[in-house]
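Numbering (the working numbering), first residue to last: 87 to 398. Heads up, the beta-carbon is just placed ideally off N, CA and C, and yes, glycines get one too. Computed from a predicted structure; not experimentally measured. Notes to accompany the following structure.
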């Protein structure tokens with residue numbers, strides 16, 4: 087991506103997470119382990135859902151898409167952060183910074199819509215079970231897929247349209263390990279109050295509003311589940327608790343980063359680290375170890391692979 091303004095700044099320097107050698111080694115080992123585990127876990131979910139016919143249902147279609155997005159969440163910032171840990175000068179080009187911001191927000195927008203779609207799927211499955219296959223038809227699943235990527239793209243492009251031509255004429259140090267709008271805008275040599283408000287409204291309030299809507303919908307579903315038999319209630323509540331945990335893991339850091347009135351707080355860096363490294367890993371763990379059908383399907387796929395290797 088070429089520069090489209092006359093700013094003097096052509097690159098940005100990351101402060102990083104810490105200067106302590108011991109903590110850097112610990113971060114390198116932990117983040118590398120979680121990154122590899124996240125990539126393997128989410129890839130396994132996608133493969134299992136794709137090749138196991140028993141999982142060809144709307145819920146698992148949405149889950150596979152969520153796992154694909156989590157692969158992107160892990161890959162946008164984690165590899166460079168791991169690479170930069172032992173570098174004294176952590177640098178990213180202007181175009182690289184803009185690219186990170188673009189993909190962070192398109193992925194965030196897509197995941198937000200997918201989580202809402204998954205909540206709707208659970209609502210239909212629990213509250214309108216007789217109409218589930220009619221409502222959650224293949225057409226509806228494709229609609230959610232297209233809507234998620236369309237909204238994610240619009241969300242990201244609208245924000246970039248306002249900031250890509252900002253003038254940067256001096257400070258180029260970002261007190262973080264990745265590029266994102268709150269700190270990026272602060273470095274511009276112009277009044278950015280309106281842009282900061284736009285970011286808060288676009289990312290912060292949307293995240294907070296979506297989170298509250300999802301929580302209210304889950305409360306409504308839980309109340310409905312309580313009216314059913316104990317056996318069905320137990321299974322439904324287990325599924326719901328899984329979804330609620332994923333929603334909290336995703337929206338918690340987003341709400342803090344984009345609505346906190348003091349964007350220079352160091353806490354947002356560590357929440358971003360949690361969001362980039364731990365959340366995709368935990369999502370894959372939550373959806374496998376807490377899902378009986380997924381565990382059975384994975385064992386079935388592994389058994390088929392072992393038999394294939396023996397035959398060949």
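Just to confirm, does residue i get its C-beta within under 7 Å of one of the non-hydrogen atoms of the ligand ATP?
i	result
residue 342	The ligand content of the structure shown is nil, which means the ligand ATP is not present either.
Looking at the strands, I want to know which residues DSSP matches up with residue i.
i	result
residue 108	Answer is none; residue 108 lacks a bridge partner.
residue 176	100
residue 259	99
Does the distance from the CB of residue i to the CB of residue j come in under 8 Å?
i	j	result
residue 201	residue 336	yes
residue 294	residue 330	no
residue 267	residue 187	yes
residue 225	residue 362	no
residue 339	residue 156	no
residue 195	residue 161	no
residue 122	residue 258	no
residue 168	residue 117	yes
Buried or exposed: where does residue i fall if 16 or more other Cβ atoms within 10 Å of its Cβ makes it buried?
i	result
residue 280	exposed
residue 373	buried
residue 354	buried
residue 91	Here residue 91 scores only 49 on pLDDT, less than 50, and its place in the model is too uncertain to base an answer on.
Here's a check: name, in chain order, each residue in its chain whose Cβ is nearer than 8 Å to the Cβ of residue i, leaving out the five neighbours to either side.
i	result
residue 148	200, 203, 204, 207, 227 and 230
residue 131	149, 150, 153, 370, 373, 374 and 380
residue 248	281 and 284
residue 345	286, 290, 291, 293 and 294
Using a Cβ-Cβ cutoff of less than 6 Å, which residues in the same chain neighbour residue i once the five nearest sequence positions on both sides are dropped?
i	result
residue 211	218
Could you spell out the range, first to last residue, of the alpha helix (DSSP H) harbouring residue i?
i	result
residue 171	From DSSP, residue 171 is part of no alpha helix (DSSP H); its letter is neither H nor E.
residue 303	292 to 311
residue 389	378 to 397
residue 281	279 to 285
residue 354	353 to 359
residue 227	224 to 249
residue 370	365 to 375
residue 272	267 to 272
Using C-beta distances below 7 Å, list every residue in its chain close to residue i, excluding the 5 sequence neighbours before and after it, in chain order.
i	result
residue 274	252, 253 and 254
residue 106	none
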